[in-house]
Structures are given as structure tokens and as C-alpha cells.
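Enquirer:
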Amino acid sequence: TRAGFFLGAAEEVLLPTPIKITWKSLNPVWVPQWPLPKEKLLALTEIVKTQLQAGHIKPSTSPWNTPVFVIRKKSGKWRLLHDLRAVNAQMQPLGAVQRGLPALSAIPQSWPVYVIDLRDCFFSIPLHPEDTHRFAFTLPTINQESPDLRYEWITLPQGMANSPTMCQIYLDSLLAPLRKAFPRVRCIHYMDDLLI
32 TRAGFFLGAA EEVLLPTPIK ITWKSLNPVW VPQWPLPKEK LLALTEIVKT QLQAGHIKPS
92 TSPWNTPVFV IRKKSGKWRL LHDLRAVNAQ MQPLGAVQRG LPALSAIPQS WPVYVIDLRD
152 CFFSIPLHPE DTHRFAFTLP TINQESPDLR YEWITLPQGM ANSPTMCQIY LDSLLAPLRK
212 AFPRVRCIHY MDDLLI
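Just so you know, we're using the working numbering here: the sequence shown kicks off at 32 and counts up by one.
1) Curious, which full-length beta strand (DSSP E) runs of at least 3 residues does the segment 155-188 contain?
2) Looking at V118 and T97, is the spacing between their C-beta atoms short of 8 Å?
3) Give the DSSP-derived three-state secondary structure of M197 in the structure shown.
4) Decide yes or no for the touch test of the segment 57-76 against the segment 103-122: beta carbon pairs closer than 8 Å, at least 3 of them.
5) So which of T186, V216, D151, C218 has the shortest CA-CA distance to H164?
6) Count the other CB atoms within 10 Å of the CB of E183; is the residue buried (16 or more) or exposed (fewer)?
7) State the DSSP-derived secondary structure class of I50, mapped to helix, strand or coil.
8) At a cut of 8 Å, does the segment 197-209 reach the segment 110-117 through at least three beta carbon pairs?
9) Using CA atoms only, rank isn't needed, just tell me which of G190, S194, I200 is closest to V99.
10) Which class does F213 belong to by DSSP, given the choice of helix, strand or coil?
11) Report the rounded CA-to-CA distance for I173 versus K69, giving the unit in angstroms.
12) Restricting to Cα atoms, I'd like to know which of P63, Q82, Q121 is closest to T53.
13) Determine the direct distance from the alpha carbon of T196 to that of P47, and round the result to whole angstroms.
So, in C-alpha cells, the structure goes:
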């Protein structure tokens, strides 16, 4: 896949190939979906619809399943959470590629600094197509009025143990042309935060 990337002049940059996860076992993990109260099911249904429209998930027939639920944020909006502990236990950890942010005291005080928080960064990074079925979940219907719906993540899910490392690797490869084109520009990134 290609993406346009502006580096003083238009230049095409190849998007990195999605990282294939190494699995300890190929045996499917099935953790049943927990019951949820009606208010949370309604919120979950709306969030899943939004994620589907955004292209972050797709319908699934996977033999894997782990529970999803929602919590209310301070803003009053709902947040989708996916309990991936059973899936995380089946994957080989990639390990940290960066221990944390560099010391800000190392940046000269006279330098102009811009901080950029990349919104929905995980949801911008694709999972390897051979791994998506392992990140499946069930959307229960209210009062079991119809069959449950099944979906799987096609982008990095929050809660996946390797998502932070994969995000770091992906962003580093996307920033490499910028660093090459502008070697005097300091571009520090940690997860979805950029300091330029």
C-alpha cells in the first residue's frame, strides 16, 4: 500500500508491511461473552457500528472469541474494551523497542518544540491478515432477540500485548523518510506522541 507523504515536495512512501505475530499455539481460544446490562449493550452496539463503518473491524466467523465490554469515560462517552488476556497468553511478546520517552531536559530550551498526539493511532495500523481471526469477539443482541453478531479486528486492537511495540515499529518506519529529508529536525516519538 502507498500513502502520500509531504516532505517539502510530494513523495510517495511505501507503508510498512503489517507485522506477523508469532503464536505459541494455533489452537483457538474461546472465552464466552459476558452478559451485559441493556444500557451497556446499546452503547456497545453503537461503538461496534462506528468501528465497522471506520474499517477497524469486519464481520467474522472465527473459532476464536474473547469478551468485549464498555466503560463510561469522564466525558460521559463510552469506551470499548476488549479482554484479550487469553489471546495475549498465546502470542510471543515482541518486547519493547523503546524504554520510554527521551529526557526532555536534553532538548535545548531555545528550540521550538511541537507536540503532536496522533489520534486513534492503533486503529490506523493494520493487523497482518493471517492474524485478524484471533481478535474476534461477539456482539450480543438485547434480550437475545436475534443471533449474536461476530466481528474481528483488522487494525491493532487496544489491549493486545504487542500493539504498543507494533505501533512504535510502524511509526518509526513512516518517520524514516522525514528524518532522512530533514536531518537537523529532531523528531522524537513514543507510542502515539510525536515531539518535533
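Think of the CB as a built atom: it goes at the ideal place given N, C-alpha and C, for glycine as much as any other residue.
Expert: By the coordinates alone:
1) Counting whole runs of 3 or more residues, the segment 155-188 contains the beta strand (DSSP E) stretches 167-170, 180-184.
2) Position 66 of the sequence shown, counted from the first residue, corresponds to residue 97. Position 87 of the sequence shown, counted from the first residue, corresponds to residue 118. The answer is yes: Cβ separation under 8 Å.
3) Start at 1 with the first residue of the sequence shown, and residue 197 comes out as number 166. Note: M197 maps to helix in three-state DSSP.
4) Judged by Cβ distances under 8 Å, the segment 57-76 makes contact with the segment 103-122, as three or more pairs qualify.
5) As a working note, residue 164 is residue 133 in the sequence shown. Here the closest residue by C-alpha is T186.
6) Looking up residue 183 in the sequence shown gives position 152. Classification for E183: buried.
7) The residue labelled residue 50 in the question sits at position 19 within the sequence shown. The three-state secondary structure of I50, taken from DSSP, is coil.
8) These segments do not touch.
9) Counting from 1 along the sequence shown, the entry for residue 99 is found at position 68. Checking every option, the nearest Cα to that of V99 belongs to G190.
10) Your numbering for residue 213 matches position 182 in the sequence shown. Secondary structure of F213 (DSSP, three-state): coil.
11) Within the sequence shown, the letter at position 142 stands for residue 173. Within the sequence shown, the letter at position 38 stands for residue 69. Answer to the nearest angstrom: the Cα atoms are 6 Å apart.
12) In the sequence shown, counting from the first residue as 1, residue 53 sits at position 22. The option with the nearest alpha carbon to T53 is Q121.
13) The sequence position of residue 47 within the sequence shown is 16, counting from 1. The sequence position of residue 196 within the sequence shown is 165, counting from 1. Their backbone Cα atoms lie some 14 Å apart in a straight line.
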